[in-house]
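Remarks on the structure that follows.
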Amino acid sequence: MFKEYYEKLLERISIDFNCTPADLREKKIIITKPALNEGRRSYSPGMPFLEMATLGDSTVIMADECLQDFLKELIKDKEAHRLFEFDNLLKLNEELKPYGYQMNHTHHMFLPCCDIKVEERFRVKWLYNSEISQFYGDSRFPNAIAYPEPCPVRPDRIAVIALDGDNIMGMAGCSEDAPHWQQIGIDVLPEYRSRGIGSYLVTLLKNKIIEMGDVPFYGTATANIQSQNVAIKSGFRHAWVETEAMKV
């Protein structure tokens, strides 16, 4: 399963970072120029100033022309994945400062690797598209759906809620970050944590997305071990890491 989704990932990264799948197979560091390719994922408005992703053996940096000479020097004699180590991210951050940018958070991204069948453990309710709108602005669910308001660029498509009577225990949701690419987020209320609700809902939603013929993926912060464990228990595997420059 992972191999199938990894091939789709190569296509995805090539659109997002203005390169080709063949570039990513060459196991090297690639520097490209920014482009707003049709169908790309976008997490910041306007033309990207710097975005970077690594698959481990290969790394692609899409960067403004003014950064290209610096980057060519930075990558000399470096293994692809080492650009995400602290000392190199710090060098990037210093270079960005005069342009009014700084490095944003690093995100670890996951793709499905196995099929997990779910036995019914909790009562759930499914919501689709406009049915989700009742929860916008609800501070209990900043990860499952867009917060505090819907995002037109990455619309929420599906949410699944676990219920304890009339009380919500947790919610998993997916946003369509690119055509047919659904990113899953999860929130479990504090009083219901450590019961397996998170992995239960994420697995249900992952399976639903696969049934639809779309690609489920999962992203989380570098040090969010709990969230990464939810991904692993739900049948995901670590696939790539990405970061970007953000306006100060």
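The sequence shown runs contiguously to residue 242 in the working numbering. Yeah, the Cβ is synthetic: ideal placement off N, Cα and C, and Gly gets one too. Quantities reported herein were computed from a predicted structural model and do not represent experimental measurements.
(request) Count the other CB atoms, across all protein chains shown, that sit within 10 Å of the CB of R115; report buried if there are 16 or more and exposed otherwise. (result) If you number the sequence shown from 1, residue 115 lands on position 121. In this structure R115 is exposed. Its beta-carbon is surrounded by fewer than 16 other beta-carbon atoms within 10 angstroms.
(message) Buried or exposed for A239, going by 16 or more other Cβ atoms inside 10 Å?
(response) Along the sequence shown, read from residue 1 onward, the residue named residue 239 stands at position 245. Under this definition A239 is a buried residue.
(request) May I ask you to list the residues that DSSP assigns as paired with H232? (result) Looking up residue 232 in the sequence shown gives position 238. Under DSSP, the beta-bridge partners assigned to H232 are F104.
(request) Assign F211 to one of three DSSP states: helix, strand, or coil. (result) In the sequence shown, counting from the first residue as 1, residue 211 sits at position 217. DSSP places F211 in the strand class (E or B) of the three-state scheme.
(request) Measure the beta-carbon distance from I25 to K66 and round it to whole angstroms, keeping in mind my assumption that it falls under 8 Å. (result) Stepping through the sequence shown from its first residue, residue 25 is reached at position 31. Stepping through the sequence shown from its first residue, residue 66 is reached at position 72. Going by Cβ atoms, the distance from I25 to K66 rounds to 7 Å, so yes, they are a contact pair.
(request) Reducing DSSP to helix, strand and coil, say where M(-5) ends up. (result) Taking the sequence shown and counting its residues from 1, the one referred to as residue -5 is at position 1. Coil at M(-5), not helix or strand.
(request) With DSSP collapsed to three states, give me the class of S169. (result) Your numbering for residue 169 matches position 175 in the sequence shown. In the structure shown, S169 sits in a strand (DSSP, three-state: E or B).
(message) With distance defined between alpha-carbon atoms, name the residue in P142, M103 and G164 nearest to N218.
(response) Translated into the one-based positions of the sequence shown, residue 218 becomes position 224. Measuring from the Cα of N218, the nearest candidate turns out to be M103.
(request) Determine which residues share a DSSP beta bridge with K241 and list them. (result) Position 247 of the sequence shown, counted from the start, is the residue given in the question as residue 241. In the DSSP assignment, the residues bridged to K241 are Y95.
(message) Going by DSSP in three states, A16 sits in which element: helix, strand or coil?
(response) Here the question's residue 16 lines up with position 22 in the sequence shown. Of the three classes helix, strand and coil, the one that applies to A16 here is helix, per DSSP.
(request) Give the single residue among D171, A233 and Y95 whose Cα lies nearest to the Cα of Y37. (result) Position 43 of the sequence shown, counting from 1, holds the residue named residue 37. Residue D171 is the option with its Cα nearest to Y37.
(message) Taking the alpha carbon of Y(-1) as the reference point, which residue from V182, G190, Y186 and Q176 has its own alpha carbon closest?
(response) Numbered from its first residue, the sequence shown carries residue -1 at position 5. Scanning V182, G190, Y186 and Q176 for the CA closest to the CA of Y(-1) turns up Q176.
(request) Give the secondary structure of D51 by DSSP, where H, G and I count as helix, E and B as strand, and everything else as coil. (result) On the sequence shown, position 57 is the one that residue 51 refers to. In this structure, D51 counts as coil in the three-state DSSP scheme.
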